[in-house]
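All remarks here apply to the structure that follows.
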Amino acid sequence: MQLCCKLKKSLFFLSFFTLALGVASGQGNCTLNLNGQVLDEFGKGLPGATIFIKEMEIGRVSDVNGKFLFENLCAGKYTLEIKFLGYESYENKFKLDKSEELFIPLTPAEEVLNEIIISDHAVNVGKANNFSTLTSQEFEERKGKSLGEALQGITGVNSIQTGPAIFKPVIHGVHSQRILILNNGIRQEGQQWGAEHAPEIDPFIATNLVVIKDAGALKYGTDALGGVIIVTPSELPTNQKLGGQFHLIGNSNGRGGIVSGLLEGGVKNLNGWGWRLQGTGKKFGDSHAADYNLSNTGYEELNFSTALGYHKERKGIEVFYSHFNTTIGILRGSATSSTEDLANAIEREPPQYTEDFTYSIESPRQEVKHDLIKLNGHVRSGKNLFNLQYGLQINNRKEFDVRRGALEEIPALGYILYTQTLDADWQITKSDKHSRNLGVNGMWQDNNKIDGTQTLPFIPNFTNYSAGLFWIEKISVNKWDWDLGARYDFKLYNVAGYDYRNQLYKSQLSFHNISGTIGSTYKINQNSSITSNIGSTWRPPNVAELYSLGTHQSAAAIEYGLLLDESTNQVLDIDAVNFKTEQALKWVNTYRLQKGKWNGELSGYINYIFNYTYLKPRGVTESTRGVFPYFRYTQTDASFLGTDLSLHYSLNRSFSINTKISLLKATDETNNDYLIFIPSNRYELAVRYEKNQPGNWLNLYAEARVKYVAEQYRAPRVVPIQDIIDAKEQGIDLFIDDNRNFDFVAAPSGYFLGSFSTGITKPVKNSRVDFRFSVENLFNASYREYTNRMRYYSDDLGRNIALALKYSF
Amino acid sequence: MKIIKILILTFFIGSLSFLISCKNEDPTPENIPELITKVILKFTPTGGGTAVTVTATDPDGEGSQDLQIDGPINLSKGTTYTLTIELLNGLYNPGADGYDVGKEVLAEGDEHQLFFSWTSTFSSPTGSGNIGSAPGVVNYQDEDINGLPIGLTTSWTTGADAESGKTFRVLLKHQPDIKSNTTTSLDGESDLDISFSSLNVN
């Protein structure tokens, strides 16, 4: 194994060496520079504006003085586009035949402009896609939050939560293996199957968070039935100036702090090269509910990343490495090992083992590390653009439970997942109205349990090979922008695991199918457009859905994979069960309006998923630890029907009102039943005051927000634990004949949360300092969120006061 | 076109390394020391005579099959018994380390306690047991290093009347760091919880 792996590694290096050589030896007779400064209405520099040369798809962000620089341009005609929040966007054609310096004043806009996305070679959101972004301002105000928590700012995006630190993003009611997260252009691959497994990404690496709500952003894979989350860092700098950012954030709840820093610059005498270094540290102790401490909910994180790249218009190469490392405590009172324990835990308030605040993290806890190495390059030749990207990810997850004696120090669950991806694509710009994108994606995965856990493995070891081919056409006709795509995928699994008797089993599985999407945006007029996208995609199953065996952390229920025999628990061949791959048909429509004082988007969607694989209650079993309900992965047809609305109204230049509404109804169509852990309807209203230049300061804002989360009325029936145990004592299995979905307790009631935040910027010479002060759960309300798995055990978080400082230069 | 050639070459070399698969060996099996697959209750009359033994066997651990209990507990009227409880892990061979889980529970007595409840009438202990929020008395015959009861050995005296079809429940709680003279069956996590549904006194 070692030898061939070494060979494999060297081949990869060889392949990129070839690429690097090829790139470096390319021609380079374009040496013109374009210098500029973006100015506000008073003639002062505007920092943070995006400047874009359309023909070359390259962008810059103006520095603290509003200045920007494009180097090594070829002579020619270009279109320069500049956008900045609160100003009319600027677009102008110009001819470049010598190096030039431009001063561009922007005109203040009455309406707030939509944030734009710099479409780098790696990430490309089509014009005919339904997408939402977190504006840089909204993202800035969420700095320090985990990825999943930050994404909650986008309508239609929620999370399945496990306590204060584990947020798993949910798009339009679906999550885990049904959504795809693109981290810096690479598919994020971890143990996605667990509801308590959050994405291993430090949001501080990103300047932009985008969510594509359509099924199948086909370029990236077939399995994104719910949508795609795109985490994009800004492009590497190519000018030599050293730049950087430092964040310091303190939180009262959890008495936690976050330090994050970023340094970047170009390389002297090596034109086109740029580098970046970034790191984040977080340390939180126990969080606090409104009325009591949440013992063992502390967490810590230490992440860093580095990038080095060479970027010119015609070619570029980049290497990126990131390391993510976290330890997360899980509420001690949620550790239960029988249904009776769970019944006790549900009754108790505050939870068992509630003690005084501490920073120490004991079992149950998770320790997760994720490493990513990425190499990518592009070459442009005339109308052709070639991209090549290789990624290696190593995901190491350990979960520690409360166990007897020395076993406490050994993880009860541990896996290392290696993922290699290779993506190549070819973009042909046929005209400014027609482009084509062809490509292949390859992936190799190797999942191994960490030996010595002294537990039956929850999921088996596996290797998996998959490959996909895609073809996307983008055509603009008059007021219509069309986007058509097709894709073929193949996936092969080799599985080896241990069954309930600790006996080895092995299987080989393969899946293949096609996907297709069609979408269009129609510009109704200057101010409004409508986008409609329909996609049919499929998803190969995850091994957890096929072979799971065991109980999850904090859940007194046993889970069985689809391939385990109902009565003997033996592993079956896939042909012996009536398994069909999941197939989704998702239709999303969005209406966008940007007129006068109004700016908003309204989407409606239906996602009908055939053969939707989920955990269905099947019966009650008895072991030496008592009575347990057991759930088996089962297939049904499910539908997700919903609406997202986000609306911004400017009362005048200072005051504005922002509304966000998301409504969702999820139904198990086959059984005419409701699904569990579906986000309930939520409504948000914010009033914001802004002043661009109070004295020598900048960007003063204050915002008050109220959020109402309705009770989930569309929840499955409630079957209390005592009823299950009592019935079992009478010899009755409550679920064997009636396996409708159920929950142990009723959905918590709806709740209101108030929050407030304010901030201001102080320019200091060539740098600036941003101050931000915010209060979440302003009234210290006691509440429980339906999608937080800790709702059985404790209240959600109480008031949090945060103070943030950001220094950028 | 030179560039395209380079790209194609790069891609081919890259994909080649995908085709070389690292041959996987079979995963190594785990020891499963925490599993209790067999529980033996042994009632030995203190005045001599044949012990009454009942065995509960879990055929498939977390699998969907129910626990199997090999018969009723048949005790005699007005007799004092010493109850010893054996906890065994059938994934190990008898005699191997890990087979006798009871031994580990005893060694970590300061983190474990067994609790009992019953619907029959014993003359000692009286009451109906110490499971639940109103704990009664159980005659513990063993103790941990802090002098607190464990419960692998207990003493029982049956009443003067015949009874049949009564239940007898045994609950083992893991109470790391919290076991004290005030902790009850509601504290800690369950390692064992079995209800024997047929206790007869003749």
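As you go down the protein sequences, you meet chains W and H in turn. Residue numbers for the first sequence follow numbering that gives the first Met the number 0, so the first one is 0 and each next one is one higher. Residue numbers for the second sequence follow numbering that gives the first Met the number 0, so the first one is 0 and each next one is one higher. The beta-carbon is built from N, C-alpha and C at its ideal position, and this holds for glycine as well. Predicted model only: the values in this text are computed from it and were never measured.
Backbone CA spacing between residue i and residue j [nearest angstrom]
i: Glu24 (chain H); j: Arg396 (chain W); result: 21 Å
i: Tyr219 (chain W); j: Asp424 (chain W); result: 11 Å
i: Lys843 (chain W); j: Asn460 (chain W); result: Summary: the structure shown does not reach residue 843 (chain W), with chain W confined to residues 0 through 808, and so no result is reported for it.
i: Asn651 (chain W); j: Lys690 (chain W); result: 11 Å
i: Ser145 (chain W); j: Pro198 (chain W); result: 9 Å
i: Ala556 (chain W); j: Ser773 (chain W); result: 39 Å
i: Ile517 (chain W); j: Ala583 (chain W); result: 14 Å
i: Ile327 (chain W); j: Leu387 (chain W); result: 36 Å
i: Asp192 (chain H); j: Gln160 (chain W); result: 30 Å
i: Thr182 (chain H); j: Leu171 (chain H); result: 13 Å
i: Lys368 (chain W); j: Ser380 (chain W); result: 40 Å
i: Asn34 (chain W); j: Ala306 (chain W); result: 25 Å
i: Ser756 (chain W); j: Asn440 (chain W); result: 43 Å
i: Ile130 (chain H); j: Asn250 (chain W); result: 43 Å
i: Ile345 (chain W); j: Tyr750 (chain W); result: 20 Å
i: Val173 (chain W); j: Gly225 (chain W); result: 6 Å
i: Trp612 (chain W); j: Pro762 (chain W); result: Note that residue 612 (chain W) is Thr in the sequence shown, not Trp. Roughly 54 Å between the two C-alpha positions.
i: Phe469 (chain W); j: Asn670 (chain W); result: 35 Å
i: Gly438 (chain W); j: Gln426 (chain W); result: 9 Å
i: Asn201 (chain H); j: Thr454 (chain W); result: 43 Å
i: Gly308 (chain W); j: Gly242 (chain W); result: 16 Å
i: Val60 (chain W); j: Leu79 (chain W); result: 13 Å
i: Gln365 (chain W); j: Thr357 (chain W); result: 17 Å
i: Leu483 (chain W); j: Met442 (chain W); result: 24 Å
i: Glu600 (chain W); j: Ser535 (chain W); result: 24 Å
i: Tyr492 (chain W); j: Thr462 (chain W); result: 6 Å
i: Ile677 (chain W); j: Asp176 (chain H); result: 37 Å
i: Leu561 (chain W); j: Arg631 (chain W); result: 6 Å
i: Asp190 (chain H); j: Thr335 (chain W); result: 10 Å
i: Phe303 (chain W); j: Trp274 (chain W); result: 14 Å
Proximal residues of chain H, C-beta to C-beta of residue i below 8 Å
i: Val401 (chain W); result: His173, Pro175 and Glu188
Chain H contact residues for residue i, given Cβ-Cβ distances below 9 Å
i: Arg788 (chain W); result: Going along chain H, no residue has its Cβ under 9 Å from Arg788 (chain W), so there is no contact; the nearest lies around 18 Å.
i: Lys372 (chain W); result: Contrary to the premise, residue 372 (chain W) reads as Ile rather than Lys in this sequence. Near Ile372 (chain W) there are no residues of chain H at all, since even the closest Cβ is about 14 Å away, more than 9 Å.
i: Ala334 (chain W); result: Glu188
i: Ile557 (chain W); result: Glu61, Gly62 and Ser63
Beta bridge counterpart(s) of residue i as assigned by DSSP
i: Ala801 (chain W); result: W:Asn250 and W:Ser773
i: Asn394 (chain W); result: W:His369 and W:Leu416
i: Met55 (chain W); result: Looking at the DSSP assignment, Met55 (chain W) forms no beta bridge with any residue, so it has no partner.
i: Asp725 (chain W); result: Note: Asp725 (chain W) sits in no beta bridge, so no partner.
i: Gln277 (chain W); result: W:Leu261 and W:Ser304
i: Thr152 (chain H); result: H:Thr83
i: Gly255 (chain W); result: W:Asn250
i: Ile517 (chain W); result: W:Leu483 and W:Ile533
i: Pro44 (chain H); result: H:Tyr80
i: Trp272 (chain W); result: W:Tyr309
Under 7 Å from the C-beta of residue i: neighbouring residues of chain W
i: Asn30 (chain H); result: Gln453
i: Glu107 (chain H); result: Arg403 and Gly404
Neighbour list for residue i in chain W, Cβ cutoff strictly below 9 Å
i: Val38 (chain H); result: Thr623
i: Pro216 (chain H); result: The question about residue 216 (chain H) has no answer, for chain H in this structure spans 0 to 201.
i: Leu206 (chain H); result: Chain H is shown from 0 up to 201; residue 206 (chain H) falls before or after that span and cannot be answered.
Within chain H, partners of residue i - CB distance below 7 Å
i: Ala726 (chain W); result: Neighbours of Ala726 (chain W) on chain H: none; closest Cβ ~13 Å, over 7 Å.
i: Leu548 (chain W); result: Glu61
Problem set entry | Three CB pairs or more closer than 8 Å across the stretch 603-622 of chain W and the stretch 720-737 of chain W | Enough Cβ pairs lie closer than 8 Å, so yes.
Problem set entry | Contained alpha helix (DSSP H) runs [length at least 4] in the stretch 279-313 of chain W, N- to C-terminal order | Scanning the stretch 279-313 of chain W for uninterrupted alpha helix (DSSP H) segments of 4 residues or longer gives nothing; none is fully contained.
Problem set entry | Unbroken stretches of the beta strand (DSSP E), 3 residues or longer, contained in the stretch 590-627 of chain W | Runs of the beta strand (DSSP E) inside the stretch 590-627 of chain W: 597-622.
Exercise. Does the pairing of the stretch 498-510 of chain W with the stretch 145-158 of chain W give three or more beta-carbon distances under 8 Å?
Worked result: In short, these stretches do not touch, since the Cβ pair count stays below three.
Problem set entry | Any beta strand (DSSP E) of 3 or more consecutive residues that is wholly inside the stretch 53-131 of chain H | At a cut-off of 3 residues, the continuous stretches assigned as beta strand (DSSP E) that sit fully inside the stretch 53-131 of chain H are 72-74, 79-87, 111-117 and 121-123.
Problem set entry | Stretch-stretch touch, CB-based, cutoff 8 Å, three pairs: the stretch 208-217 of chain W with the stretch 285-295 of chain W | Taking a cut-off of 8 Å on C-beta distances, the stretch 208-217 of chain W does not touch the stretch 285-295 of chain W, as fewer than three cross pairs fall below it.
Problem set entry | the stretch 797-806 of chain W in contact with the stretch 769-788 of chain W per 3-pair CB rule at 8 Å | Yes, the stretch 797-806 of chain W is in contact with the stretch 769-788 of chain W.
For this session: Take every Cβ of the stretch 100-108 of chain H, pair it with every Cβ of the stretch 49-66 of chain H, and state whether three or more of those distances are shorter than 8 Å.
Result: At 8 Å Cβ cutoff, the stretches do not touch.
Exercise. Is there contact here, the stretch 84-94 of chain W with the stretch 257-270 of chain W, by at least three beta-carbon pairs under 8 Å?
Worked result: Not touching, per the Cβ criterion.
Exercise. Fully enclosed by the stretch 312-376 of chain W, which beta strand (DSSP E) runs are 3 residues long or longer?
Worked result: Qualifying beta strand (DSSP E) stretches, in chain order: 314-328.
Exercise. Contact between the stretch 402-418 of chain W and the stretch 428-435 of chain W: three or more CB pairs below 8 Å?
Worked result: Fewer than three Cβ pairs drawn from the stretch 402-418 of chain W and the stretch 428-435 of chain W lie within less than 8 Å of each other, which leaves the two stretches out of contact.
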